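In what follows, a single structure is set out as structure tokens and then discussed.
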Amino acid sequence: MMQSGSSRRRGDSGPPVSVSALLLYSMWVTVLAVATSDPWKLGFLALVTGLPGLVLGYRRYGILVLLLGLSLLGTFMNMVLLYNVGDPVFSIGPLVVREEAWRRTVSLDLRIISLAGAGLLFASTVNPRDAVRSLEVELGMPRGLAFALAFALRLLPLVYRDLQEVMAARRMRGYKRVPITPGDYRSLFMPLLSVTVERGIWVGVAAELRGFSLRPRRRVRPRLRRGDAMLLFLAVLQGVVVAGLVQVP
Amino acid sequence: MLLEARIEEAGYRGKPVLRDVELSLGEGEKLLIVGSSGSGKTTILLSASGVLDNLLEGYTRGKVSLAGLNPLDPDGFTRVPSKAGFVLQDPDKQLAMPTPLDEVMFTLENLGWSEEEARKRAVEVLAEMGLKGLELVPVENLSGGQKRRLTLAASLAHDPVILFLDEPTASIDPWGLAELRSYLKRATGRRGIAIIEHKARYFLDMVDRVVAVRDGRVAGSWRPRSPSLVEELEAVGADAGSYTIREPGRSVGDVVAEAHGLGAGYKGRAVARVGELTVRRGEIVALIGPNGGGKTTLLKTIGGLLKPIEGEVILRGRVFYMPQHPDYLFLFPTVGREVAEVKASTGVDITSLPGFEWVRSVMDRSPYRLSHGQRRWLAFGIAMAYRADLYLLDEPTTGMDISLYRTFGSLVEELASRSGVITSTHDVRVVAEHADRVYMVSGGRAWEVDKVDAVRLLEEAWR
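What follows is the structure, encoded as structure tokens:
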């Protein structure tokens, strides 16, 4: 597994990829996943980046990945409801799933897997302090933006804990354990959002009171690491495929 | 003087909260600011530090000098962190980094320390705060007391001349409180310390001056040696901390829950084991013990939210678990819709419950925008509407002032009149005034203890 900069302090031989390279890679895959709607190209992105990202993410944020799985199922149901036209592809009992619904489901689900996987690849392998340092010092990102991005990583385990509490509370109020309808999802995310926003505001205040505005600007040249070349290769490969320079079936 | 504030008026979005507040803090002085929730004591901190004017949508009219800086001015505010350290109420709303080492280094690097110097100093200050060996442990795995000490370490690492602590007891157990008090007792020298707290009794023996705030104004100022201080503080609405031990003797009914050889935990590993535990209708059972001991895990396992690692739980009737944070229980964007949904699900109109008439006046508001006390109160209303046979309350009095605590007391007694109640708590008053039986949860197991012994233990732990 890729490790970020803090692992150096723990005596490891050094992280194989830099935080900056990982961020740029994740952003690049995100752009590619939004730019194409071809199911084969999206499938390639999902295979190269999405699935590894989900596997890594599952180890730290299992329930979030499971919820993502549920949303893929929701996508299928919506598409069948709205776009079930064309030739039959397969059937589930009395339900005949037709070409348009199946094509849209596959495209959207592969895009979701690619986007989520790219995000989780970054989130599950980088720690916030390394992220602030690398984004600010190596990429020259404004410190406020770098801190916001880094704090989002710190938020994930907290959101995971909040999610478990909210699901427990929903059960007490007689709600389904597995959210299915938009109303279920709203009732799940409303308290999560409220708690997260309040936490974000106060962490921002606390950071300012600890001198965040005084943080000196430091710039160093990005130091490439061994794994960065691999990321570059994968990034180029996916770009080439999405651009159509290499044909996938 | 390290701090001199003459606040004519301060508030949020044009709505005044403070009026005519004068406050000072001298070198080496320890000042305790007390008052009930909503009295304005936290607003004093936010105003005097410049946060109100520079970060929140607030305003301050008046003059403030903080270690020679004017924090109301943006330039002065920017330099405040180099002179002052701040410990906010909830560590989870303050800690921004993944490990204690990163957290302390974040402060130091912000203030211009090099990475090498910052790491060396961070290790030192973490050791001073009793966190040696935990430098690289994920923050999520620290206990409440450890997180509190970490916020203290991160606020003190740069050796500020002023330290502000906002409700430092809100999220810690008595043992964590003892550690905090130990630091404050040891803190001598030039540094001025202002403690904002509604549970005055935890600090009365160590501060030089007490200021009470009521309705946004200073209601009085005392030297803590005053013999009538407790009575005088209670007269202005502050919580000086007196309580009485109620004799157990409530009449109890049928058994609503029992656990036999129960092991509660996660991923196959038990964090708390209890041999036998029985709860009857009409009974309040308190779970006490250090943070991280497994109280919440035990509650959730009894409530069926977690599978027992070993043993069994037998529930006879409906169970309702109330989380520590009331926001988790709200599912709709307005109070009105919460009330309507509860009525549709249970047939109970919360607004018709005794003590809940106020809910009618906030029906259009978001439940998340209510005051902390109102949120907790509404959450209790929702729980009561479900008419459970067993209620599981997770630290229900956290952050409550004396007035809200009294309301809580009447609500929990109402629950116990027809249900069984198990509550985890660090609050000695809950144990003394409401519990019938007490279990200690510590070191991986839970066992029943005598109630008077439990009160004594909680009292001795923090002193």
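Residue numbers (the numbering used here), protein chains in the order written: chain W, 1 to 249; chain V, 250 to 712.
Don't be surprised by glycine CBs; every beta carbon is placed ideally from N, CA and C.
Fair warning: this is a prediction, and the values are worked out from it, not measured in the lab.
Practice prompt. Look up H621/V in the DSSP assignment and say whether it is helix, strand or coil.
Written response: Helix, per DSSP.
Worksheet item: Is the shortest distance between the beta-carbon of V574/V and the beta-carbons of chain W less than 8 Å?
Response: Before going further, note that residue 574/V is His rather than Val in the sequence given. Yes, contact with chain W.
Discussion item. Between Y61/W, D38/W, L209/W and R98/W, which has its C-alpha nearest P330/V's C-alpha?
Written reply: For P330/V, the closest C-alpha among the options Y61/W, D38/W, L209/W and R98/W is that of L209/W.
Practice prompt. Could you name the residues of the same chain whose beta carbon sits closer than 8 Å to that of G277/V, not counting the 5 residues immediately before and after it, in chain order?
Written response: So the qualifying residues of the chain are T437, G438, R439, R440 and G441.
Discussion item. Residues of chain W with CB closer than 8 Å to the CB of Q343/V, please, in chain order.
Written reply: Ordered by position in chain W, the residues that pass the 8 Å Cβ test against Q343/V are W202, V203 and A206.
Discussion item. Extract the residue ranges of the alpha helix (DSSP H) inside the segment 393-452 of chain V, only unbroken runs of 4 or more that lie entirely within it.
Written reply: The segment 393-452 of chain V contains these whole alpha helix (DSSP H) runs: 393-405 and 423-435.
Practice prompt. Measure the beta-carbon distance from I445/V to D422/V and round it to whole angstroms, keeping in mind my assumption that it falls under 8 Å.
Written response: At roughly 20 Å, the Cβ-Cβ gap does not stay under 8 Å, so I445/V and D422/V are not in contact.
Discussion item. With a threshold of 7 Å on Cβ separation, who are the neighbours of T105/W within its own chain once the five nearest residues in sequence on each side are excluded?
Written reply: If we look at T105/W and ignore the five residues flanking it on each side, its Cβ neighbours are T75, F76 and M79.
Discussion item. For the segment 54-72 of chain W, list every residue whose C-beta sits within 8 Å of some C-beta in chain V, in sequence order.
Written reply: Here the close residues number zero.
Worksheet item: Rounded to whole angstroms, how far is the Cβ of L547/V from the Cβ of V523/V, which I believe are closer than 8 Å?
Response: Right, the Cβ-Cβ distance comes to about 7 Å (below 8 Å), so this counts as a contact.
Worksheet entry | Alpha-carbon spacing of G510/V relative to T493/V, whole angstroms | When rounded, the distance between both Cα atoms is 34 Å.
Discussion item. Counting beta carbon pairs with one atom in the segment 307-323 of chain V and one in the segment 495-510 of chain V, are three or more of them shorter than 8 Å?
Written reply: Verdict: no, contact absent.
Discussion item. Does T49/W pass the burial test, meaning 16 or more other C-beta atoms within 10 Å, or should it be called exposed?
Written reply: Counting other Cβ atoms within 10 Å of its Cβ, T49/W reaches 16 or more and is therefore classed as buried.
Fill in: Whole-Å CB distance - V611/V paired with V584/V, under 8 Å assumed
The distance from the Cβ of V611/V to that of V584/V is about 5 Å, consistent with a contact at the 8 Å cut-off.
Worksheet item: Can you pull the DSSP bridge partners for W696/V?
Response: M689/V, per the DSSP bridge assignment.
Practice prompt. Let me know the secondary structure DSSP gives G325/V once reduced to three states.
Written response: In the structure shown, G325/V sits in a helix (DSSP, three-state: H, G or I).
Item to complete: Could you name the residues of chain V that F212/W contacts, counting a contact when the two beta carbons are closer than 7 Å?
Response: Those are N359, listed as they occur along chain V.
Fill in: Residues near R143/W by beta carbon distance below 6 Å, same chain, minus five either side
The beta carbon of R143/W sits closer than 6 Å to those of E136 and R215, all from its chain and outside the five residues before and after it, given in chain order.
Worksheet item: Going by C-alpha distance, which of L642/V, G317/V and M378/V is nearest L429/V?
Response: Nearest neighbour of L429/V by Cα position, chosen from L642/V, G317/V and M378/V, turns out to be M378/V.
Item to complete: Out of N127/W, V166/W and V29/W, state which residue places its alpha-carbon closest to the alpha-carbon of L234/W.
Response: From the listed residues N127/W, V166/W and V29/W, the smallest Cα separation to L234/W is found for V29/W.
Discussion item. Give me the residue from K434/V, P340/V and L357/V with the minimum Cα distance to L389/V.
Written reply: Looking at the sequence itself, residue 389/V is Glu, so the reference to Leu does not match. Of the candidates K434/V, P340/V and L357/V, P340/V places its Cα closest to the Cα of E389/V.
Fill in: Sequence-distant residues of the same chain with beta carbon closer than 6 Å to S37/W, five excluded per side
Closer than 6 Å at Cβ, skipping near neighbours: S107.
Worksheet item: Name the residues in the segment 108-126 of chain W whose C-beta lies less than 7 Å from a C-beta of chain V; which are they?
Response: Taking 7 Å as the Cβ-Cβ cut-off, the segment 108-126 of chain W has no residue approaching chain V.
Fill in: Nearest-angstrom Cα separation, counted from R472/V out to L405/V
Approximately 26 Å, taken between the alpha carbons.
Practice prompt. Could you check how far apart the C-beta atoms of N303/V and F326/V are, in whole angstroms? I think they sit under 8 Å.
Written response: Contact flag correct, Cβ pair sits at about 4 Å.
Worksheet item: Based on Cα-Cα distance, which residue from G393/V, L350/V and H683/V lies nearest to K381/V?
Response: Considering only alpha carbons, the answer is L350/V.
Item to complete: Taking F579/V as the query, report the chain W residues whose CB atoms sit under 8 Å from its CB, ordered along the chain.
Response: Ordered by position in chain W, the residues that pass the 8 Å Cβ test against F579/V are M190, P191 and S194.
Worksheet entry | Reference A33/W; option with closest CA among T196/W, V166/W, L115/W and E198/W | When each option's Cα is compared against that of A33/W, the closest is L115/W.
Worksheet item: Is L304/V close to chain W, meaning its C-beta is less than 8 Å from at least one C-beta of that chain?
Response: Taking 8 Å as the CB threshold, L304/V lines the interface with chain W.
Worksheet item: Hey, how far is the Cα of W424/V from the Cα of W40/W?
Response: Whole-angstrom Cα-Cα distance: 59 Å.
Discussion item. Contact criterion: CB-CB distance below 8 Å. Does M2/W meet it with respect to chain V?
Written reply: Because M2/W sits at a pLDDT of 37, beneath the cut-off of 50, its placement in the model cannot be relied upon, and the point is left open.
Worksheet item: So is Y570/V in contact with chain W if we call contact Cβ pairs under 8 Å?
Response: Yes, contact with chain W.
Worksheet entry | Distance, G658/V Cα to M633/V Cα | For M633/V and G658/V, the distance between alpha carbons rounds to 14 Å.
Worksheet entry | Residues of the segment 362-393 of chain V with Cβ closer than 7 Å to any Cβ of chain W, in chain order | Listed by position along the chain: L385 and E389.
Worksheet entry | Beta carbon proximity, E165/W to chain V, threshold 8 Å | The Cβ of E165/W sits closer than 8 Å to at least one Cβ of chain V.
Item to complete: Inspect the beta-carbon positions of G227/W and V17/W and report whether they are closer than 8 Å.
Response: Yes, the Cβ-Cβ distance between G227/W and V17/W is below 8 Å.
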